[in-house]
Amino acid sequence: MPSVPYGWYAVLRSGRLRAGRVVSLHYFGRALVAFRGADGRAAVLDAHCPHYGAHLGAGGKVVGGTVECPFHGWRFGTDGRCVEAPFAVRVPKVSLGGFPVREHSGLVFVYVGPGEPEWEVPEIPETGDRAYAAPIEDTCRARVHVQEMRENIVDESHFHFIHGQPEPLAQEWREDGPFAEARGRIGRQVLGRRIDNTFDAFMYGPGVMVVRTRGPLLSLTAVALSTPVDERTSELRMLYYLRKPPRLALLTPLLKLVFRSQALGEVREEVRIWDHKVHLTRPVLLPHEKGIRALRRWYAQFYPPA
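Numbering (full-length UniProt numbering), first residue to last: 1 to 306.
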């Protein structure tokens with residue numbers, strides 16, 4: 001599998017990218033910088049200056065909506081083109097590589113792939129809905145291909161061993177081009193009480209998934225952002241938006257505490273497993289384990305033709 005499937009990926013939260021600041025990133029096996037132009041729009045570009053190789057995120061600064069190299073003062077616009085080179089008779093016709101960028105739902109997304117994107121990640125309404133608490137954020141990295149992070153949601157049997165589901169999960173699978181949905185029910189013990197919730201996992205290409213769970217005690221939206229770091233490593237950033245209990249909003253901190261104690265440890269357990277597993281092209285799947293087959297067929301569209 002190529003290390004970077006084509007599609008949209010979230011590379012940072014909007015709040016981290018303040019005006020006038022250069023943020024260093026490393027994804028897709030590339031050193032990158034992010035900054036905001038004069039109009040406030042985010043740009044994500046390759047980090048190394050083509051003049052002499054300096055890293056624009058190590059001492060670089062934003063000047064008039066451009067990023068300025070700390071070594072020799074060359075400046076680059078949000079489209080990557082050099083717009084100023086001190087002491088040059090003419091501005092060199094060179095550019096930094098970059099990505100199409102979209103910003104919404106409190107996230108900065110970039111598109112990796114040939115040409116311009118033909119589809120978009122829809123806005124996630126819970127991220128701006130005051131009925132939901134500020135998110136719980138959990139970010140980790142594992143030595144695993146980004147596709148296997150996504151396969152986790154359709155791995156029916158692991159819900160028993162990792163998440164306390166009494167039996168393998170039954171799911172409905174639907175797909176529509178670059179979008180897919182897995183729907184089902186999950187039951188588990190929480191603080192000695194059995195909780196039954198429905199869930200809908202909406203997948204937007206290879207890097208963005210929104211999982212909505214609804215139940216009598218707890219309803220939440222989990223935004224799962226899986227992003228390739230390099231050929232060996234992938235990042236999983238989870239943002240959990242808990243719905244505030246109607247008329248009992250003061251219980252929200254307690255619900256967050258219970259959720260942290262129950263759920264985050266399970267994610268860490270999955271990451272430890274990912275960090276040591278290998279990819280099997282032909283896994284020995286049992287008859288009820290249909291989700292991985294379905295997801296792999298759908299996911300294949302994000303790779304270049306063989």
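From the three backbone atoms N, C-alpha and C, an ideal C-beta is built for every residue, glycine too. Nothing here was measured: the structure is a model prediction, and the numbers come from that model.
Range covered by the beta strand (DSSP E) that runs through Val-108: From DSSP, the beta strand (DSSP E) with Val-108 extends over 107-112.
Beta-bridge partners of Cys-82, as assigned by DSSP: Answer by DSSP bridge pairing, in chain order: Phe-76.
Gly-37 vs Ala-31 beta-carbon contact at 9 Å: No. Outside cutoff.
Neighbourhood of Arg-293 by C-beta, 8 Å cutoff - its chain only, sequence neighbours within 5 removed: Leu-285, listed in sequence order.
Nearest-angstrom Cα separation, counted from Lys-244 out to Gly-269: The sequence shown places Glu at residue 269, rather than the Gly named in the question. Separation of Glu-269 and Lys-244 (C-alpha to C-alpha, rounded to the nearest whole angstrom) is 28 Å.
CA nearest to the CA of Cys-140, picked from His-72, Ala-306, Leu-280, Leu-236: With distances taken between Cα atoms, Cys-140 lies closest to Leu-236.
Inter-stretch contact at 8 Å, needing at least 3 Cβ pairs: the region 117-128 / the region 202-210: Yes, since at least three Cβ pairs between the region 117-128 and the region 202-210 fall closer than 8 Å, the two stretches touch.
Chain-order list of residues whose beta-carbon lies under 7 Å from that of Pro-135 (same chain, five-residue window excluded): When the five nearest sequence neighbours on each side are left out, the beta carbons in the same chain lying within less than 7 Å of the beta carbon of Pro-135 are those of Leu-239, Tyr-240, Tyr-241, in order along the chain.
Among Lys-256, Ala-85, Asn-152, nearest to Leu-217 - alpha-carbon criterion: Comparing Cα positions, the closest option is Lys-256.
For Trp-8, the three-state DSSP class (helix, strand or coil): Strand, per DSSP.
Counterpart residues of Trp-173 in DSSP-defined beta bridges: Bridge pairing for Trp-173: Ala-182 [DSSP].
Cβ-based burial, Glu-68 [other Cβ within 10 Å; buried from 16]: Glu-68 is buried by the Cβ-count criterion.
Three-state secondary structure (DSSP) of Tyr-303: Coil, per DSSP.
Chain-order list of residues whose beta-carbon lies under 6 Å from that of Pro-100 (same chain, five-residue window excluded): Listed in chain order, the non-local C-beta contacts of Pro-100 below 6 Å within the same chain comprise Tyr-111, Pro-117, local neighbours out to five positions each way being set aside.
Same chain only: Cβ atoms within 7 Å of Leu-295, ignoring 5 sequence neighbours per side: For Leu-295, where only same-chain residues beyond five positions count, the Cβ hits under 7 Å are Arg-150, Glu-151, Val-154.
CB contact below 9 Å: Pro-305 versus chain C: The structure shown contains no chain C, having only a single protein chain.
Endpoints, beta strand (DSSP E) assigned at Leu-45: Counting along the chain, the beta strand (DSSP E) containing Leu-45 begins and ends at 42-46.
His-51 vs Val-94 beta-carbon contact at 9 Å: Taking 9 Å as the Cβ cut-off, His-51 and Val-94 qualify as a contacting pair.
Beta carbon of residue 310 nearer than 9 Å to that of Leu-45: This structure cannot settle anything about residue 310, because the visible part of the chain is limited to 1 through 306.
DSSP-derived helix/strand/coil call for Met-203: Correct three-state label for Met-203: strand.
Cα-Cα separation between Glu-231 and His-72, rounded to whole angstroms: CA-CA distance, Glu-231 to His-72, rounds to 32 Å.
Alpha carbon of Gly-64 to alpha carbon of Ser-14, nearest angstrom: Counting only the Cα atoms, Ser-14 lies some 20 Å from Gly-64.
C-alpha gap between Val-62 and Arg-21, whole angstroms: Distance between the alpha carbons of Val-62 and Arg-21 is about 6 Å.
Through-space distance from Pro-166 to Phe-109, alpha-carbon basis: One C-alpha to the other measures close to 37 Å.
Residue interval of the alpha helix (DSSP H) (run including Pro-228): For Pro-228, no alpha helix (DSSP H) run applies; the uninterrupted beta strand (DSSP E) run containing it begins and ends at 220-228, by DSSP.
Secondary structure of Thr-127, DSSP reduced to three states: When secondary structure is reduced to three states using DSSP, Thr-127 falls in the helix class.
Glu-266 beta carbon less than 9 Å from that of residue 317: For the chain, the structure presents residues 1 to 306; residue 317 sits outside this window and is missing.
Where the alpha helix (DSSP H) containing Arg-268 begins and where it ends: Arg-268 -> alpha helix (DSSP H) spans 265-274.
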